[in-house]
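K.L.:
Numbering (this note's numbering), first residue to last: 1 to 157.
Just so you know, even glycine gets a beta-carbon here, dropped at the ideal spot from N, CA and C.
These numbers were taken from a predicted model, which means no experiment stands behind them.
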């Protein structure tokens, strides 16, 4: 890990992809998170390998930003590593972001993965999970399960 404190905003402004890739290895978690986000915002295809490696960062927030960045890059090289995250990461939030990234990349079974994750995590039928995913309300549903279940059943009656 690197110990100098890079200015991620300036690196992004300059389009310094190499500097941002180095920042992905910094000891400060906020710098790693911001570097991953910046690389995604820049759609820095040169960073694909570094971002894939960063999918195993110890911090959940970094892994979330890395998954989002990989989704923005839309590179098929990230499909297998993202699938591995969906299968094995201990964080549901990271799994969901990885599945969303797969959808952005164009992976054909991404929606199915998202539905399965939502159904499993909320312990609801797949039909309800499909509705939540189709509305793009995954995070809201996870944060307030009761509201979404009530709303779903009210529409059915």
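State the start and end residues of the unbroken alpha helix (DSSP H) segment that holds residue 40.
P.N.:
First-last of the alpha helix (DSSP H) with residue 40: 29-41.
K.L.:
So, residue 83 versus residue 67, is the Cβ gap smaller than 8 Å?
P.N.:
Going by C-beta atoms, residue 83 is not nearer than 8 Å to residue 67.
K.L.:
Start and end of the alpha helix (DSSP H) containing residue 159?
P.N.:
Limits of the chain in this structure are 1 at one end and 157 at the other, which puts residue 159 out of reach.
K.L.:
Return the Cβ separation of residue 42 and residue 62 in integer angstroms, given the expectation that the two are a contact with Cβ distance under 8 Å.
P.N.:
Between residue 62 and residue 42 the Cβ distance is about 17 Å, and since that is not below 8 Å, they are no contact.
K.L.:
Roughly how many angstroms lie between the CA atoms of residue 73 and residue 123, to the nearest whole one?
P.N.:
Their backbone Cα atoms lie some 32 Å apart in a straight line.
K.L.:
Near residue 99, which residues of its chain fall below 7 Å by C-beta distance, leaving aside the five closest residues on each side in sequence?
P.N.:
The answer, listed in chain order, is 86, 110, 113, 114, 117.
K.L.:
Excluding five sequence neighbours on each side, which residues of the same chain lie with their C-beta closer than 8 Å to the C-beta of residue 28?
P.N.:
Excluding positions up to five away in sequence, the list reads 5.
K.L.:
What alpha helix (DSSP H) runs, 4 residues minimum, are completely inside the region 87-140?
P.N.:
Runs found: 92-105, 110-122, 126-134.
K.L.:
Would residue 90 be called buried (16 or more neighbouring beta carbons within 10 Å of its own) or exposed?
P.N.:
Looking at its Cβ environment, which holds fewer than 16 other Cβ atoms inside 10 Å, residue 90 is exposed.
K.L.:
For a quick check, are the C-beta atoms of residue 32 and residue 44 less than 8 Å apart?
P.N.:
Their beta carbons are not under 8 Å apart, which means residue 32 does not touch residue 44 by this criterion.
K.L.:
Consult DSSP for residue 6 and reduce its assignment to one of helix, strand or coil.
P.N.:
Coil.
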